[in-house]
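This report refers to the structure that appears directly beneath it.
2 protein chains.
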Amino acid sequence: MTLDDAALKSFGFIERPTKNMINIDPLQTGGILTEDARRALVEWGDGYSICDNCGGVLDLIKKPPVQKFIHEALPEFLGVDEVRITHGARESKFAVMHAIAQEGDTVILDGLAHYSSVVAAQRARLEIRKVPHSEKPDYHIDPEAYGTAIEETISETGKAPALALLTYPDGNYGNLADAKKIASVCHEYDVPLLLNCAYSVGRMPVDAKELGVDFIAGSGHKSMASCGPIGVLGVNNDNGDYSDIIFRKSPTNKNKEIELLGCTARSATLMTMIASFPEVVKRTRNWGNEVADARWFSEKLETMGLIQMGQKPHNHDLMFFEAPNLYEISTRVKKGRYFLYKELKSRNIHGIKAGLTKFFKLSTFEVGRENLSYIVDSFDEIIKKYE
Amino acid sequence: MTLDDAALKSFGFIERPTKNMINIDPLQTGGILTEDARRALVEWGDGYSICDNCGGVLDLIKKPPVQKFIHEALPEFLGVDEVRITHGARESKFAVMHAIAQEGDTVILDGLAHYSSVVAAQRARLEIRKVPHSEKPDYHIDPEAYGTAIEETISETGKAPALALLTYPDGNYGNLADAKKIASVCHEYDVPLLLNCAYSVGRMPVDAKELGVDFIAGSGHKSMASCGPIGVLGVNNDNGDYSDIIFRKSPTNKNKEIELLGCTARSATLMTMIASFPEVVKRTRNWGNEVADARWFSEKLETMGLIQMGQKPHNHDLMFFEAPNLYEISTRVKKGRYFLYKELKSRNIHGIKAGLTKFFKLSTFEVGRENLSYIVDSFDEIIKKYE
Numbered sequence: 053m054t055l056d057d058a059a060l061k062s063f064g065f066i067e068r069p070t071k072n073m074i075n076i077d078p079l080q081t082g083g084i085l086t087e088d089a090r091r092a093l094v095e096w097g098d099g100y101s102i103c104d105n106c107g108g109v110l111d112l113i114k115k116p117p118v119q120k121f122i123h124e125a126l127p128e129f130l131g132v133d134e135v136r137i138t139h140g141a142r143e144s145k146f147a148v149m150h151a152i153a154q155e156g157d158t159v160i161l162d163g164l165a166h167y168s169s170v171v172a173a174q175r176a177r178l179e180i181r182k183v184p185h186s187e188k189p190d191y192h193i194d195p196e197a198y199g200t201a202i203e204e205t206i207s208e209t210g211k212a213p214a215l216a217l218l219t220y221p222d223g224n225y226g227n228l229a230d231a232k233k234i235a236s237v238c239h240e241y242d243v244p245l246l247l248n249c250a251y252s253v254g255r256m257p258v259d260a261k262e263l264g265v266d267f268i269a270g271s272g273h274k275s276m277a278s279c280g281p282i283g284v285l286g287v288n289n290d291n292g293d294y295s296d297i298i299f300r301k302s303p304t305n306k307n308k309e310i311e312l313l314g315c316t317a318r319s320a321t322l323m324t325m326i327a328s329f330p331e332v333v334k335r336t337r338n339w340g341n342e343v344a345d346a347r348w349f350s351e352k353l354e355t356m357g358l359i360q361m362g363q364k365p366h367n368h369d370l371m372f373f374e375a376p377n378l379y380e381i382s383t384r385v386k387k388g389r390y391f392l393y394k395e396l397k398s399r400n401i402h403g404i405k406a407g408l409t410k411f412f413k414l415s416t417f418e419v420g421r422e423n424l425s426y427i428v429d430s431f432d433e434i435i436k437k438y439e
Numbered sequence: 053m054t055l056d057d058a059a060l061k062s063f064g065f066i067e068r069p070t071k072n073m074i075n076i077d078p079l080q081t082g083g084i085l086t087e088d089a090r091r092a093l094v095e096w097g098d099g100y101s102i103c104d105n106c107g108g109v110l111d112l113i114k115k116p117p118v119q120k121f122i123h124e125a126l127p128e129f130l131g132v133d134e135v136r137i138t139h140g141a142r143e144s145k146f147a148v149m150h151a152i153a154q155e156g157d158t159v160i161l162d163g164l165a166h167y168s169s170v171v172a173a174q175r176a177r178l179e180i181r182k183v184p185h186s187e188k189p190d191y192h193i194d195p196e197a198y199g200t201a202i203e204e205t206i207s208e209t210g211k212a213p214a215l216a217l218l219t220y221p222d223g224n225y226g227n228l229a230d231a232k233k234i235a236s237v238c239h240e241y242d243v244p245l246l247l248n249c250a251y252s253v254g255r256m257p258v259d260a261k262e263l264g265v266d267f268i269a270g271s272g273h274k275s276m277a278s279c280g281p282i283g284v285l286g287v288n289n290d291n292g293d294y295s296d297i298i299f300r301k302s303p304t305n306k307n308k309e310i311e312l313l314g315c316t317a318r319s320a321t322l323m324t325m326i327a328s329f330p331e332v333v334k335r336t337r338n339w340g341n342e343v344a345d346a347r348w349f350s351e352k353l354e355t356m357g358l359i360q361m362g363q364k365p366h367n368h369d370l371m372f373f374e375a376p377n378l379y380e381i382s383t384r385v386k387k388g389r390y391f392l393y394k395e396l397k398s399r400n401i402h403g404i405k406a407g408l409t410k411f412f413k414l415s416t417f418e419v420g421r422e423n424l425s426y427i428v429d430s431f432d433e434i435i436k437k438y439e
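So the protein lines, in turn, are chains A and B. Note that my numbering gives residue 281 to position 229 of the first sequence, counting from 1, and the numbers run on in steps of one. Note that my numbering gives residue 388 to position 336 of the second sequence, counting from 1, and the numbers run on in steps of one.
Structure, rendered in C-alpha cells:
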C-alpha cells in the first residue's frame, strides 16, 4: 500500500456500525461507559495525560487520585491486600503465572477456561492440566476434581502444580462454580487459586478473602464500564507473600515493578475506570435484580423452544442457548444461517454472532426489562414468521 | 476504605489539571489527539466496541478496517514485513525479548536505554550488557562499541547475545545514534537489532528496511497521537524468520498468537490510532520543520545561559538542558527548587517536572513557532525577574 492521499482516506474517523443498537453480546454489556466515563474519556484522551503529575510510579499518582483508587478503593472492592492495574484480565493472569511459576511447571485450569488462560499459560511455558466438567446440559465442575488433578500432577511430575485457576463464571455458559470449596481443596495441597473474574468483577459482588482465593483477575473493558484495554489484578496474601513476588521491584530501577514493566494502563483507560467506579460499585449491589432479569429472560425464551444450558435457575447474565427451532429454520430459508443475525439486526438488536443459530450466547446485563421484553418479542416474531 | 457514598465521591469524573496549558513534556507532545481521534474516542469508547464484528482475530477485523491498517498501511509506514498492535513500546520490546531469547541469554542495550527496556529484559530473565556512551555534553554512542559488547558477551558466556537494542532517539538527550551502522555491526555477529522508536515512529520518518534493523517498537500514546496504552511492533524478516517466532500461534487455539495473548489493544486506543494515522503520516513528512523549530528554540535558550546537551545541532524535538543560572536562582529564592515550575505554571506552561532547575528535558514537537516564542520569552522574563 502506497500511503498517498487516496489510501489514507481509508482511515481517519470511522463510525461504529452498531451504534445505538441494543447490544446483547456478552463482551459488550458490562463495558458500556457511564456518563462520567464518557466525559473522562474526552478529558483524559491524550496519550500520556495521566502522567502530568507522576513522580515515577503510576499507582502512586495523587492527582488525579490514582493512589487512593488502587491502594484503598480497589482492595476494599475486591477483598484483597494489594491491587494493580493491568492491560486486562489475560495480562493479569499471565503476570501471576509468569511470576509465581517456573517454566515447565503445571497450572490447573477448569475445563471451561477461556482461551486466554490457556494462551497465558503457554506464553509462560507452563504445562496445562484441565479439570473436567460434566457434559451437556449442566457443564458442572466438581470441586473435588481439582484435588484429583493436583494429585495426578504430583504423581506424574513429582511436583505440585504452581497454580490453579477457575473461571468465575466461565465465558460460555455463565456458570458460577463453587469457588470457595475449590479454593479450600487447592489449599489442602498448598496450591494457590486464581479466580478469573472477567465476567464478574464489576457486575456482581466478588470478595477474594470471603471466597478464600489468592488472586483475582478482572476486566475493565468487559465488566467495569471502562474504555479498554484495562484490567485489575488483586492479590490476597493470606496464604503466602504473593504480592512480594508478583510486584517485585527491579534491582536496578528501584521503583519499577518488573512484572508490570514499570507501568501499565494509563490515561483514558484508567480514568474511565475511576470515573465509572462509583456506579460500578453500586450496580454490583443491584446484582439480585440482574439475576432476576436473566432468569425471566431465560424462561421466556424456553417457552419458545430454546433451551438454556448451564446452571438452572441461572445465576448470571451470561447465558448459552441451544435453539433447535432456529437451526431448523436456517436449513431452509434463503439467507441460511445468517437469517437470525439479519432479522435481529433489522430490529436494532446486535450481539449474537453472525451465522449462529443452533447454539449462541448472549448477556442480559443492564439491558433492562423493557429492552429484554422487546428482544423476547422479537424472537417470538422471528420464529412465527418462519414457522 | 469503606465504599460508602462519601468515599465514592473521590472518584467519578475528574478534571485534568493541565488542560489548555502549553505542554512541553516530552511524554505529551506526540500523544495529543487529532480532531478525528477525539471523535473516534467518543464513538469507540465502550469497552470492547471494536469486537462487534470480530471473527476471532483482532488484526483481521475488516469492519472497521483493522486488517487493512495493520497488514497494509502500518508495514508500509514502518518499512517492515509484519506488524502487530501491542499495549505500548515496552510491551513490544518484552514480546520480542521473550519470544526470541531463552532465559539467561544476554541482551545488549545502549547505555542510554529507557528504563522500560531494562525492566523488559529483567522480566524476560535475560542478562543485560550495556554499550557505553561518551560523557557530557555529547552522550555519543559509537557503533563499534556494539561489536565490542557482543564480543565480550561471547568470550564471557560462550554464546552470542540473543538481541541488541538501540533507543532511537534516547529519551533523555534526544540523540539519534547511527542505527544503520549499528545494525550492520550487529549483523556481522548475526545478532538481530531492535530499535526502540517510542520517540520517533509517528514523529519522524523511520524505515526498518532502510536502516537494516530487524524489529521496531513504537508507541501510540507517546508519538502517534493515540489514546494510550497502545504501541506497534514491526518485524523485518530480511535476516531471519522472526515473525514466525514472535507471532507463533497457539497449538490448541490455532488462530491465537501466544506472545500477544490472543489480542492486545482494542477499541478506543486502536481506533484513535487509526483516526490519527492520516495526519500522523503527513506530520512525519514535515519533520524537517520540526527539527528547525527545535534548533531555533535551543539556540534561543542558549543565548540566555542554558546549555543544550546531546547532539548539536540537534536532530530531534526532545532536548535536555543544563541551566546553571536557574539552579543558582533556586538556591536563594523563597520557593526554592519549585520556583521554575511555578513561574512557568503561572504562564500556562506545563511539562518541566516540578522541582527541576539544574537539568531538565522538554520537547518542542508540534508546539509551533508562536508558542515556542512565548516560552522563550517566558524563560527570559523569569531569569531577568530573579537576576
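All residues carry an ideal CB built from backbone N, CA and C; glycine is no exception. The structure presented is a predicted model; accordingly, all values stated were derived computationally and were not measured.
Limits of the unbroken alpha helix (DSSP H) element including Arg90 (chain B): Taking the first residue of the second sequence as position 1, residue 90 (chain B) is located at position 38. Residues Glu87 to Glu95.
For chain A, is any of its Cβ atoms less than 8 Å away from the one on Ser101 (chain B)? Numbered from its first residue, the second sequence carries residue 101 (chain B) at position 49. Interface residue, yes.
Through-space distance from Ile435 (chain A) to Lys274 (chain A), alpha-carbon basis: The residue labelled residue 274 (chain A) in the question sits at position 222 within the first sequence. The residue labelled residue 435 (chain A) in the question sits at position 383 within the first sequence. Straight-line Cα distance between these residues: approximately 31 Å.
Have a look at Asp57 (chain A) and Thr138 (chain B) and give me their C-alpha separation to the nearest angstrom. Here residue 57 (chain A) is taken as the residue at index 5 of the first sequence, counted from 1. Here residue 138 (chain B) is taken as the residue at index 86 of the second sequence, counted from 1. Their backbone Cα atoms lie some 26 Å apart in a straight line.
Report the rounded CA-to-CA distance for His185 (chain A) versus Lys413 (chain B), giving the unit in angstroms. The count along the first sequence starts at 1 and reaches residue 185 (chain A) at position 133. The count along the second sequence starts at 1 and reaches residue 413 (chain B) at position 361. Approximately 58 Å, taken between the alpha carbons.
Report the neighbours of His139 (chain B) on chain A: residues whose CB is nearer than 7 Å to its CB, in chain order. Numbered from its first residue, the second sequence carries residue 139 (chain B) at position 87. Within chain A, the residues near His139 (chain B) are His139 and Pro281.
Which residues in chain A have a C-beta closer than 7 Å to the C-beta of Phe146 (chain B)? List them in chain order. Counting from one through the second sequence, the residue named residue 146 (chain B) turns up at place 94. Neighbours of Phe146 (chain B) on chain A, chain order: Leu313.
Would you give the residue range spanned by the alpha helix (DSSP H) that Asn341 (chain B) belongs to? Counting from one through the second sequence, the residue named residue 341 (chain B) turns up at place 289. Trp339 to Thr355 is the span of the alpha helix (DSSP H), which, as asked, contains Asn341 (chain B).
Express the C-alpha separation of Met256 (chain B) and Ile66 (chain B) in angstroms, rounding to a whole number. The residue given as residue 66 (chain B) occupies position 14 in the second sequence. The residue given as residue 256 (chain B) occupies position 204 in the second sequence. Cα-Cα distance, rounded: 34 Å.
Is there at least one Cβ from chain B nearer than 8 Å to Leu178 (chain A)'s Cβ? Counting from one through the first sequence, the residue named residue 178 (chain A) turns up at place 126. With 8 Å as the cut-off, Leu178 (chain A) does not count as an interface residue toward chain B.
Coil, strand or helix - Lys397 (chain B) by DSSP: As a first step, residue 397 (chain B) is located in the second sequence; it is residue number 345 there, counting from the start. It is helical.
What is the residue span of the alpha helix (DSSP H) that Arg175 (chain B) lies within? In the second sequence, counting from the first residue as 1, residue 175 (chain B) sits at position 123. Unbroken alpha helix (DSSP H) run through Arg175 (chain B): Tyr167 to Arg175.
Going straight from the alpha carbon of Leu215 (chain A) to that of Lys386 (chain A), what length do you get? As a position in the first sequence, residue 215 (chain A) is number 163, starting the count at 1. As a position in the first sequence, residue 386 (chain A) is number 334, starting the count at 1. Roughly 50 Å separates the two Cα atoms.
Collapsed DSSP secondary structure at Met361 (chain A) in the structure displayed: Here the question's residue 361 (chain A) lines up with position 309 in the first sequence. If DSSP states are grouped into helix, strand and coil, Met361 (chain A) belongs with coil.
Give the straight-line distance between the Cα atoms of Glu422 (chain B) and Thr416 (chain B), rounded to the nearest whole angstrom. Counted from its first residue, the second sequence places residue 422 (chain B) at position 370. Counted from its first residue, the second sequence places residue 416 (chain B) at position 364. When rounded, the distance between both Cα atoms is 11 Å.
Residues bridged to Met256 (chain B) [DSSP beta-bridge criterion]: In the second sequence, counting from the first residue as 1, residue 256 (chain B) sits at position 204. DSSP lists B:Val253 as partners of Met256 (chain B).
So, under 8 Å CB-CB, Asn305 (chain A) and Val170 (chain B) are touching, yes? Tell me the CB distance rounded to an integer number of Å. In the first sequence, counting from the first residue as 1, residue 305 (chain A) sits at position 253. In the second sequence, counting from the first residue as 1, residue 170 (chain B) sits at position 118. Their Cβ separation, rounded to whole angstroms, is 6 Å, which keeps Asn305 (chain A) and Val170 (chain B) in contact under 8 Å.
Validate contact between the region 93 to 102 of chain A and the region 314 to 331 of chain A using beta carbons, cut 8 Å, 3 pairs: yes
What residues from chain A crowd round Met53 (chain B), counting only those whose CB sits closer than 7 Å? Taking the first residue of the second sequence as 1, we reach residue 53 (chain B) at position 1. By Cβ distance, chain A contributes Glu124, Ala125 and Glu128.
Counting only C-beta atoms, is Gln360 (chain A) closer than 8 Å to chain B at any point? Taking the first sequence and counting its residues from 1, the one referred to as residue 360 (chain A) is at position 308. Output row for Gln360 (chain A): interface = no.
9 Å Cβ cut-off: residues of chain B touching Gln80 (chain A): Within the first sequence, residue 80 (chain A) is the residue found at index 28, counting from 1. By Cβ distance, chain B contributes Asp98, Gly99, Tyr100, Ser101, Cys103 and Asp104.
Bridge partners for Gly82 (chain B) per DSSP, in chain order? As a first step, residue 82 (chain B) must be located in the second sequence, where it is residue number 30. In DSSP, Gly82 (chain B) forms no bridge with anything.
Mind checking if Asp296 (chain A) is an interface residue toward chain B, Cβ cutoff 8 Å exclusive? One-based indexing of the first sequence puts residue 296 (chain A) at position 244. Chain B, which has no Cβ nearer than 8 Å to the Cβ of Asp296 (chain A), makes this no.
How about Asn288 (chain A) and Lys261 (chain A): are their beta carbons less than 8 Å apart? In the first sequence, residue 288 (chain A) corresponds to position 236, counting from 1. In the first sequence, residue 261 (chain A) corresponds to position 209, counting from 1. In this structure, Lys261 (chain A) lies closer than 8 Å to Asn288 (chain A) by Cβ.
Residue range of the alpha helix (DSSP H) that Glu203 (chain A) falls in? As a first step, residue 203 (chain A) must be located in the first sequence, where it is residue number 151. Looking at the DSSP string, the run of the alpha helix (DSSP H) that includes Glu203 (chain A) is Glu196 to Thr209.
Distance check for Val135 (chain B) and Asp296 (chain B), CA to CA, integer angstroms please. One-based indexing of the second sequence puts residue 296 (chain B) at position 244. One-based indexing of the second sequence puts residue 135 (chain B) at position 83. Between Asp296 (chain B) and Val135 (chain B), the C-alpha separation is close to 12 Å.
Please tell me whether Ser62 (chain B) has its Cβ less than 8 Å away from any Cβ of chain A. By 1-based counting over the second sequence, the position of residue 62 (chain B) is 10. So yes, Ser62 (chain B) belongs to the interface.
Please work out which residues of its chain come closer than 6 Å, Cβ to Cβ, to Leu110 (chain A), disregarding the five sequence neighbours upstream and downstream, and give them in chain order. To locate residue 110 (chain A), count along the first sequence from 1; it is residue 58. Cβ neighbours of Leu110 (chain A) beyond the five flanking positions: Cys315.
DSSP beta-bridge partners for Ile74 (chain A)? Walking along the first sequence from the start, residue 74 (chain A) turns up at place 22. Looking at the DSSP assignment, Ile74 (chain A) forms a beta bridge with A:Ile401.
Take the Cβ of Pro376 (chain A) as the centre, count every other Cβ of all protein chains shown within 10 Å, and call the residue buried at 16 or more, exposed below. In the first sequence, counting from the first residue as 1, residue 376 (chain A) sits at position 324. It counts as exposed.
At 3 residues or longer, and completely inside the region 104 to 188 of chain A: list those beta strand (DSSP E) runs for me, N to C. 134 to 138, 158 to 162 and 179 to 183
Would you kindly work out how many angstroms separate the C-alpha atoms of His150 (chain A) and His192 (chain A), rounded to a whole number? Taking the first sequence and counting its residues from 1, one reaches residue 150 (chain A) at position 98. Taking the first sequence and counting its residues from 1, one reaches residue 192 (chain A) at position 140. His150 (chain A) and His192 (chain A): Cα-Cα distance of roughly 29 Å.
I need the DSSP call for Met276 (chain B), collapsed to helix, strand or coil. Position 224 of the second sequence, counted from the start, is the residue given in the question as residue 276 (chain B). Coil at Met276 (chain B), not helix or strand.
Note down, in chain order, each residue of its chain lying with its Cβ closer than 6 Å to the Cβ of Val105 (chain A), except the 5 sequence neighbours on either side. Reading the first sequence from its first residue, position 53 is the one you call residue 105 (chain A). Here residue 105 (chain A) turns out to be Asn, not Val, going by the sequence shown. These residues qualify, in order along the chain: Lys115.
Counting beta carbon pairs with one atom in the region 76 to 91 of chain A and one in the region 269 to 286 of chain A, are three or more of them shorter than 8 Å? yes
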